[in-house]
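The structure appears right after this line, and notes come after that.
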Amino acid sequence: MNKKLTQTIAFIIFRILGWSVVGILVWILGFIIYNGIGVISLEFIFAKPSGVGMLEGGIFPAIVGTFCLIIGSMAVAFPLGVMSAIYTNEYVRDGKISRFIRMMTNNLGSIPSIVFGLFGMAFFVSIWGRSILAGSFTLGLLALPLVIRTTEEALRMVPDSLRVGSYALGATKLQTIRRVVLPTAFPNIVTGLILSVGRVSGETAPILFTVAAYFLSELPSSIFNQVMALPYHLYVMSTSGKDLVAGREVAYGTALVLITIVLVINFTASFIRKYFSKKHGAN
């Protein structure tokens with residue numbers, strides 16, 4: 398078999414595998430849309446749940462609660478993750494210390510989410526009770542390893558020539574990081590934020606132990622309140638209640654709303670990433 402034929406076969410295989418991934422995604426999205434679009438309405442999105450088993454009304458409190466947890470967890474994970482990545486990549490020389498930190502980060506990322514939920518219940522709930530604050534810290538710790546790894550990769554992609562040029566002009570290390578390294582790496586750091594949002598927005602086990610409520614008629618008024626959340630509401634609707642058929646219809650609608658929220662956040666973050674990439678390129 399000649400090299401040209403081998404290369405052609407390899408390209409065909411890779412193309413089939415690539416389009417297979419796209420097909421699986423389209424299949425999943427199509428399945429959710431087909432089963433959930435029937436319950437989507439303004440009332441479903443903006444009303445509160447009501448009726449026996451919460452099969453009537455809407456899911457607005459769960460939407461608000463999900464946004465609260467996403468914002469809270471990112472407020473915890475993003476600063477800690479970025480600063481940790483800056484420390485390991487810019488200040489710690491390659492050696493035993495950096496390898497140990499990265500090994501611990503990878504081990505933290507491999508811990509099952511339900512273990513984070515148990516830790517959050519034992520530690521954060523004991524301090525603040527079942528609340529948005531406890532849930533946000535728990536989800537923030539869950540997303541932290543992903544933020545650290547993606548930020549480290551973004552920082553490594555910054556050419557050393559930019560750092561050397563900054564030092565040559567008399568800038569300190571902190572000034573170089575703040576004015577040269579971070580602006581250059583920021584578009585790729587946003588990618589880590591996108592992945593982290595996708596990770597925490599669909600988690601059920603951590604919020605089950607720390608913040609999620611079965612039913613709340615009022616929206617949260619402080620970070621010390623419990624909230625409803627879309628992942629937990631989806632779980633409840635699909636596994637409990639007298640009318641499992643109606644419950645699963647609501648569950649599919651909830652899943653569709655959750656996927657839509659994640660996609661909107663991803664597209665918004667991608668737009669921000671492209672904006673800063675063009676801005677940095679123009680400069």
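For the sequence shown, the residue numbers in this note's numbering are 398 to 680.
The beta carbon of each residue, even a glycine, is placed where N, CA and C say it ideally should be.
Buried or exposed (CB count within 10 angstroms, at least 16 for buried), residue i
i           : result
residue 622 : buried
residue 688 : Absent from the structure is residue 688, since the part of the chain shown begins at 398 and ends at 680.
residue 471 : buried
residue 438 : exposed
residue 614 : exposed
residue 435 : exposed
residue 521 : buried
residue 516 : buried
residue 440 : exposed
residue 503 : exposed
residue 413 : exposed
residue 421 : exposed
residue 586 : buried
residue 528 : buried
residue 486 : buried
residue 407 : exposed
residue 603 : buried
Minimum C-alpha distance to residue i - residue among the options
i           : options            : result
residue 453 : 651, 675, 671, 665 : 651
residue 467 : 627, 653, 631      : 627
residue 618 : 536, 603, 530, 670 : 530
residue 427 : 664, 566, 653, 562 : 653
residue 544 : 592, 672, 553, 563 : 592
residue 663 : 596, 601, 610      : 596
residue 444 : 578, 478, 459, 644 : 459
residue 430 : 670, 661, 667, 646 : 646
residue 479 : 612, 546, 418      : 546
residue 560 : 548, 549, 581, 540 : 581
residue 536 : 465, 657, 550, 670 : 465
residue 477 : 539, 672, 553      : 539
residue 448 : 612, 671, 667, 660 : 612
residue 526 : 610, 487, 461, 407 : 610
residue 550 : 425, 588, 570      : 588
residue 658 : 405, 415, 457, 403 : 457
residue 701 : 577, 432, 418, 404 : The first residue shown for the chain is 398 and the last is 680, placing residue 701 beyond what the model contains.
residue 571 : 488, 493, 415, 498 : 488
Beta-bridge partners of residue i, as assigned by DSSP
i           : result
residue 454 : 446
residue 482 : Its beta-bridge partners do not exist; DSSP assigns none.
residue 624 : 609
7 Å CB neighbourhood of residue i in its chain, flanking five on each side removed
i           : result
residue 648 : 631, 634, 635
residue 518 : 606, 607
residue 475 : 544, 590
residue 601 : 628, 629, 632
Integer-rounded CB distance, given that residue j should sit under 8 Å from residue i
i           : j           : result
residue 674 : residue 584 : 4 Å
residue 533 : residue 473 : 6 Å
residue 573 : residue 563 : 4 Å
residue 482 : residue 579 : About 11 Å separates the two Cβ atoms, so there is no contact after all.
residue 446 : residue 433 : The Cβ separation is near 16 Å, so there is no contact.
Contact set for residue i: own chain, Cβ-Cβ below 8 Å, skip 5 residues either direction
i           : result
residue 679 : Because the pLDDT of residue 679 is 48, which lies under 50, any placement of that residue in the model is unreliable, and the number read from its coordinates should be weighed accordingly. Within the same chain, residue 679 has no close Cβ partners at all.
residue 655 : 463, 598, 599, 627, 628, 631
residue 442 : 455, 456, 457, 460, 654
Same chain, Cβ closer than 6 Å to residue i, neighbours up to 5 away in sequence not counted
i           : result
residue 506 : 542
residue 500 : none
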